[in-house]
Structures are given as C-alpha cells and as structure tokens.
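Student: Below is the structure I would like to discuss, written out as structure tokens.
Residue numbers (our numbering), protein chains in the order written: chain A, 15 to 223; chain W, 15 to 223.
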C-alpha cells in the first residue's frame, strides 16, 4: 500500500508527521514524501526541513494521498502544477486525505464541491470558497475523501483511516504502539473550550507572522 | 529562548515533531534540529528524513533540550559523543526533556539516577537499568528534567512545559492554535486500555522489525 505525503514550502510539520506516524505502521505500507522538486522542504517556522524523497512528477499513483496544511497553503492553492497533480492523483487513489488547511488544496483541485469538509478553525471561509460546507467534526469522511481539522487532528484522522483500511484491531495496535492516550494539561483545544480571549491571542500572533 | 532537538539515526519522527510544533510557537523561541553530523537524518521507518541543520559540536548551549526516542536509541545510548554532549549540554539547560525511549539517552548520560521518569511502555526495564524508577504518569517532571511516555506523549509534555515557561494563557493559545482537542476513534492508547491481545500484536510487530 503506497502512501504519499505531498509537501510544499511553508507547510506545518505536525500536519504531515502525525498521519505518517500512524499510516507507516500499517502492514505493507510504504510511505513517500514528495514535493514539486525533490529535496528538503522548509516548514512554516523556517527552523525545520523535511526531505521530499521524490518529485511529484515521479509519483503517478498512490493508494493514500495525504495533503498537509499550513501558511504555505495560500501559495499552494495557486500552484497549478501541484493542484493539477492532486486532481490527477486523486482520480486513482483509494483514499484522499487532508489535514488542517490542506483541505483548501483539495478544494482548489475541485474535489470538495458540494461536500462537507473541515479545516483549521481560523480558515472556514477559505474552505467554503471552494464549494465545501464546513463541518465542526474533527474528522470528516465523504466517500473516499477524509479531511481533518487543525494540525494535531491528523493523528485522529489517520487512526480512523487505519481502522477502515486494516480493521479496528490493527488500528488499536497502532494507537497503543504510539501510546496515543492523550492527556493535554489544559482543556483548550477548540475555539469553544479556549474561549474568546485565548482565541484572540492566537489570531494576533498569526497576523504578526 | 533556544530549543535544541537532538536527532540520531532511526529516531521516531513524532517524538521530535510533536514537541517542536508546540515549543516553536512560544514567544521568542528559536528551534534548531541537531545531530552528530549536520544533514538529513533517517527515521525508524526509513521513509522519512528530517534535516539536522546543525552539528551537535556547534551547539554549545540551549535553554530547552528535547531528546526523542525510537529504535535508534539502542545504538544512541552507546554513542559516546552523543551521550557526552547530552550530559554537557544538560549542565547549562533550563529544561532537559525526553520523549519515549529518549529517556534512555538521558539515563546513559547519568541524568536519571534516583529519579522518577517515563518511557515507552515496552521499555521499562531498559529505563530502570539507569537507576531511574518508572512512573506510569504520561509526563514526569523531576526538577528541570521532564520525561514523556511513548511517541505522542511529547505533545502533552511540551504543552506542560509551555505552561511552565510562558504561562497557562500562552500554553492554551498554542493548544488551540494546533487544535489539540484529541478525539481518538478508539480507546486503546495505553496497555491497560488496549488489553493483552492488542499489546501482543504490537510486540510481535516490534520484534519482526
């Protein structure tokens, strides 16, 4: 089973690495990180580079496509080569997935029109500009398209997908393998739970980037 | 505030990227990935390389040290250059942290003798061979040393640390920024919750690697 994680400049690392850590543990899985040009791709902070081992042009099909998000999405959605590659690859996948604002790239590829989907909570309007309807669910499945909410939601998405692909027993084995028994020290992971003052802190920082 | 993530061959990607994703969002944080030799470092699956932008020898101090784990720990604990670097760097940190079996490297550096610490649930005896006492808590703080349980626990550890470094409001802002409102599709993230049959599946796979 071939899994491809499509990278682009200024993506968010955990969006890509969360699903990778889960899906790479599926029996028979082979994961390839790919980008327009093979080589190191910098994340949104500038302080981390992940290597794309393949150029997208060399990857002509895959079983599972993972598209991460991040601030780089804004350039990625108008990168015709990337968007056309996503559309063409999707035609042959078993599962096409996104994390965070990666769903905007699926949208730009014309894959979300009329569907429910999710994204980072701060980018709902951008997602809906592609004809999708935003859902507040953390993982949204519509046929073979599975979108996840912001950043860390890719782990939950990939475990859900692991269950669909390999069965619940195997997915549970992956979960305990990565000891995913989350115990966040605060209960502030959603807009509702964090409240308006904390949300304003996040938005102020995002604007200042 | 300088954060250093120390990489080595065959580390587990999420161990490193989880804390990075949280700590890089602290105000004034600068993160550097470092390894014995600068350049791409392959993770445990072989299908992902993360770039070490610096050689360890060029990093003479940091405020926060993050040591990931993974199957490569078994070689790392007898890599004298790495272990000596960890010991020397720890002497000047504000916080020294590990994720998963990264605590074995702290142990090899002589940092855990007589302390409580944690690791991946499958490696308790290895951790205790360094004079540490295993704790079942997900995040274990002993003075300036903070160890996290397996793989995904690094996210909870880093959020805990973010609260200690920058205050709870800022840590909550980071939590909602990465939308960390975990909703795993299964309740199998610990040995107790997964049960013996699922745990055997994991151990069988680990042995076959």
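Virtual Cβ for every residue (Gly too), placed ideally from N, Cα, C.
1) Determine the closest residue to residue 202 of chain W out of W/211, W/195 and W/97, with distance taken between C-alpha atoms.
2) Hey, could you find the ends of the beta strand (DSSP E) residue 53 of chain A is sitting in?
3) For the region 118-191 of chain A, which segments carrying the beta strand (DSSP E) assignment without a break, of at least 3 residues, lie completely within its bounds, in sequence order?
4) Pull up the distance between the alpha-carbon of residue 182 of chain A and that of residue 136 of chain W, whole angstroms please.
5) From what residue to what residue does the beta strand (DSSP E) around residue 70 of chain W run?
6) Name the residues in the region 189-206 of chain W whose C-beta lies less than 8 Å from a C-beta of chain A; which are they?
7) Can you tell me which of the three DSSP states residue 63 of chain A falls into?
8) For residue 41 of chain A, count the other beta carbons within 10 Å of its own beta carbon; 16 or more makes it buried, fewer makes it exposed. Which is it?
9) What separation, rounded to the nearest whole angstrom, lies between the Cα atoms of residue 147 of chain A and residue 133 of chain A?
10) If we count Cβ pairs, one from each stretch, closer than 8 Å, do we get three or more for the region 78-98 of chain W versus the region 15-35 of chain W?
11) As a quick exercise: from A/48, A/72, A/98 and A/74, pick the residue whose alpha carbon is nearest that of residue 63 of chain W.
12) Along chain A, which residues have their Cβ under 7 Å away from the Cβ of residue 170 of chain W?
13) Can you tell me whether residue 78 of chain W is helix, strand or coil according to DSSP?
14) Taking Cβ-Cβ distances below 8 Å as the criterion, which residues of the region 123-146 of chain A are in contact with chain D?
15) Only counting the same chain, and skipping five residues up and downstream in sequence, which positions put a Cβ closer than 6 Å to that of residue 223 of chain W?
16) By the 10 Å Cβ neighbour count, where 16 or more other Cβ atoms means buried, how is residue 128 of chain A classified, buried or exposed?
17) Could you tell me the distance, in whole angstroms, from the CA atom of residue 179 of chain W to the CA atom of residue 94 of chain A?
18) Determine the direct distance from the alpha carbon of residue 122 of chain A to that of residue 118 of chain W, and round the result to whole angstroms.
19) Would you report the Cα separation of residue 219 of chain A and residue 69 of chain W, rounded to the nearest angstrom?
20) To the nearest whole angstrom, what separates the beta carbons of residue 175 of chain A and residue 160 of chain A, a pair I think is in contact under 8 Å?
21) How close, in whole Å, do the beta carbons of residue 101 of chain W and residue 124 of chain W come, if the pair is a contact with beta carbons under 8 Å?
22) For residue 44 of chain A and residue 33 of chain A, I'd like the C-alpha separation in whole angstroms.
23) Closer than 7 Å by beta-carbon distance: list the chain A residues that pair up with residue 54 of chain W, in chain order.
24) Take residue 153 of chain A and list the residues in its own chain whose beta-carbon comes closer than 8 Å to its own, dropping the five residues that flank it on each side.
25) Applying the 10 Å Cβ sphere with the 16-neighbour rule, what's the burial state of residue 88 of chain W?
Tutor: Well, looking at it:
1) If you number the second chain from 1, residue 202 of chain W lands on position 188. The candidate whose alpha carbon is nearest that of residue 202 of chain W is W/211.
2) As a position in the first chain, residue 53 of chain A is number 39, starting the count at 1. Its beta strand (DSSP E) spans residues 53-56.
3) 153-156 and 159-162
4) Position 168 of the first chain, counting from 1, holds the residue named residue 182 of chain A. Position 122 of the second chain, counting from 1, holds the residue named residue 136 of chain W. Those two C-alpha atoms are separated by around 21 Å.
5) Here residue 70 of chain W refers to the residue found at position 56 when the second chain is read from its first residue. Careful: residue 70 of chain W lies outside any beta strand (DSSP E) and carries neither H nor E.
6) 189, 190, 191, 192, 193, 194, 195, 196, 197, 198, 199, 200, 202, 203, 204 and 205
7) In the first chain, residue 63 of chain A corresponds to position 49, counting from 1. It is a strand residue.
8) One-based indexing of the first chain puts residue 41 of chain A at position 27. Residue 41 of chain A is exposed by the Cβ-count criterion.
9) Locating residue 147 of chain A in the first chain gives position 133, counting from the first residue. Locating residue 133 of chain A in the first chain gives position 119, counting from the first residue. The alpha-carbon of residue 147 of chain A is positioned some 11 Å away from that of residue 133 of chain A.
10) yes
11) Your numbering for residue 63 of chain W matches position 49 in the second chain. For the residues A/48, A/72, A/98 and A/74, the minimum Cα distance to residue 63 of chain W belongs to A/48.
12) Here the question's residue 170 of chain W lines up with position 156 in the second chain. Chain A residues near residue 170 of chain W: 196, 197, 198 and 199.
13) Position 64 of the second chain, counting from 1, holds the residue named residue 78 of chain W. It is a strand residue.
14) In the structure shown, chain D does not exist; the protein chains are A and W.
15) Against the second chain, residue 223 of chain W aligns to sequence position 209. Its pLDDT being 49, under 50, residue 223 of chain W is placed unreliably by the model, and the measurement read from it follows with that caveat. The answer is none, since no qualifying residue turns up.
16) Counting from 1 along the first chain, the entry for residue 128 of chain A is found at position 114. Its Cβ having fewer than 16 others within 10 Å, residue 128 of chain A is exposed.
17) Indexing the second chain from 1 puts residue 179 of chain W at position 165. Indexing the first chain from 1 puts residue 94 of chain A at position 80. Residue 179 of chain W and residue 94 of chain A have their C-alpha atoms some 43 Å from each other.
18) By 1-based counting over the second chain, the position of residue 118 of chain W is 104. By 1-based counting over the first chain, the position of residue 122 of chain A is 108. Near 46 Å, if we compare the C-alpha coordinates of residue 122 of chain A and residue 118 of chain W.
19) On the first chain, residue 219 of chain A is found 205 positions in, with the first residue counted as 1. On the second chain, residue 69 of chain W is found 55 positions in, with the first residue counted as 1. C-alpha separation (whole angstroms): 31 Å.
20) Position 161 of the first chain, counted from the first residue, corresponds to residue 175 of chain A. Position 146 of the first chain, counted from the first residue, corresponds to residue 160 of chain A. Between residue 160 of chain A and residue 175 of chain A the Cβ distance is about 6 Å, and since that is below 8 Å, they are a contact.
21) Residue numbering aside, residue 101 of chain W sits at position 87 when the second chain is read from its first letter. Residue numbering aside, residue 124 of chain W sits at position 110 when the second chain is read from its first letter. At roughly 6 Å, the Cβ-Cβ gap stays under 8 Å, so residue 101 of chain W and residue 124 of chain W are in contact.
22) As a working note, residue 44 of chain A is residue 30 in the first chain. As a working note, residue 33 of chain A is residue 19 in the first chain. Cα-Cα distance, rounded: 13 Å.
23) Position 40 of the second chain, counted from the first residue, corresponds to residue 54 of chain W. Contact annotation for residue 54 of chain W against chain A: 65 [CB-CB distance below 7 Å, chain order].
24) For the purposes of this step, residue 153 of chain A is taken as the residue at position 139 of the first chain. Closer than 8 Å at Cβ, skipping near neighbours: 132, 160, 161, 162, 163, 167, 170, 171 and 174.
25) Reading the second chain from its first residue, position 74 is the one you call residue 88 of chain W. Under this definition residue 88 of chain W is an exposed residue.
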